[in-house]
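Engineer: Once you've had a glance at the structure underneath, I'll fire off some questions.
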Amino acid sequence: MRLGLWRWPREEQDALRALFCSVAMNWFNGGDPVPFERVMRKSNTDMDNLVSVRIVKALLMLRINPFELFAWLGRANSTRARGVLVGLTTHGHLVDEGDYYVLDDTTDEPLLHEGIRALDRLALDALQRIATDKRLICLWAWANREDLMLARTIENTEPLRTQRALRLLVTERQKDRVIVQAAVV
Numbered sequence: 000m001r002l003g004l005w006r007w008p009r010e011e012q013d014a015l016r017a018l019f020c021s022v023a024m025n026w027f028n029g030g031d032p033v034p035f036e037r038v039m040r041k042s043n044t045d046m047d048n049l050v051s052v053r054i055v056k057a058l059l060m061l062r063i064n065p066f067e068l069f070a071w072l073g074r075a076n077s078t079r080a081r082g083v084l085v086g087l088t089t090h091g092h093l094v095d096e097g098d099y100y101v102l103d104d105t106t107d108e109p110l111l112h113e114g115i116r117a118l119d120r121l122a123l124d125a126l127q128r129i130a131t132d133k134r135l136i137c138l139w140a141w142a143n144r145e146d147l148m149l150a151r152t153i154e155n156t157e158p159l160r161t162q163r164a165l166r167l168l169v170t171e172r173q174k175d176r177v178i179v180q181a182a183v184v
């Protein structure tokens with residue numbers, strides 16, 4: 000984002016979005032490590048989580064609808080998708096705000112900062128609407144029989160998850176969508 004991604008030509012943003020959507024489908028649905036194959040050969044499960052988080056954050060920055068993204072991950076029948084969805088519930092931010100941006104026109108910088116903060120709020124809200132306590136309890140009940148590692152992760156995330164839960168009002172969501180749209184140009 001420091002390169003002012005939202006100021007890139009629309010065609011380039013669309014190409015990156017299509018690429019990362021394809022990467023996400025391969026990564027979360029099929030388990031295909033491409034394009035991370037070389038890194039994955041030398042790594043462990045923690046690398047799986049790191050790559051999963053980076054893919055999700057890239058998709059958010061490329062303006063994939065956060066609610067639809069998290070709903071898709073929730074429906075995906077894969078350990079990686081379930082793991083990243085649970086893991087993200089403990090994050091204070093899902094979209095990292097850059098300290099500075101490389102822009103042709105520096106007057107755009109305040110709007111980009113506000114747009115990133117608005118996108119982060121929208122993403123956190125969407126995640127909380129998908130990864131509800133009720134759904135996580137159901138997932139835990141399944142995982143306690145089928146995937147003990149995921150069950151322990153769900154248990155361990157509860158304190159941070161409840162502390163960092165963010166839910167926006169409908170009007171706040173609408174306002175943040177307008178801010179993001181204005182920042183994108």
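Take 0 as the starting number for the sequence shown in our numbering and just add one per residue.
Note that CB positions come from ideal geometry on N, CA and C, so glycine has one too.
Because the structure is a prediction, the values reported are computed rather than measured.
Is it right to say Ser-21 is buried, meaning 16 or more other beta carbons lie within 10 angstroms of its own, or is it exposed?
Structural biologist: Ser-21 should be labelled exposed.
Engineer: Given this structure, state the Cα-to-Cα distance separating Leu-168 from Leu-121, to the nearest angstrom.
Structural biologist: Roughly 11 Å separates the two Cα atoms.
Engineer: Report the three-state DSSP secondary structure of Asn-76 (helix, strand or coil).
Structural biologist: Reduced to three states, the DSSP call for Asn-76 is coil.
Engineer: Taking buried to mean at least 16 other C-beta atoms within 10 Å of its own C-beta, is Leu-59 buried or exposed?
Structural biologist: Result: buried.
Engineer: What three-state label does DSSP hand Glu-154 in the structure shown?
Structural biologist: Three-state DSSP puts Glu-154 in a helix.
Engineer: Under DSSP, the alpha helix (DSSP H) around Thr-19 begins and ends at which residues?
Structural biologist: Contrary to the premise, residue 19 reads as Phe rather than Thr in this sequence. Its alpha helix (DSSP H) spans residues 9-23.
Engineer: Buried or exposed for Leu-111, please, with buried defined as at least 16 other CB atoms from any protein chain shown within 10 angstroms of its CB.
Structural biologist: Classification for Leu-111: buried.
Engineer: Grab me the residues of Asn-143's own chain with a C-beta within less than 6 Å of its C-beta, minus the 5 sequence neighbours each way, in chain order.
Structural biologist: Taken in chain order, the residues that qualify are Ala-150.
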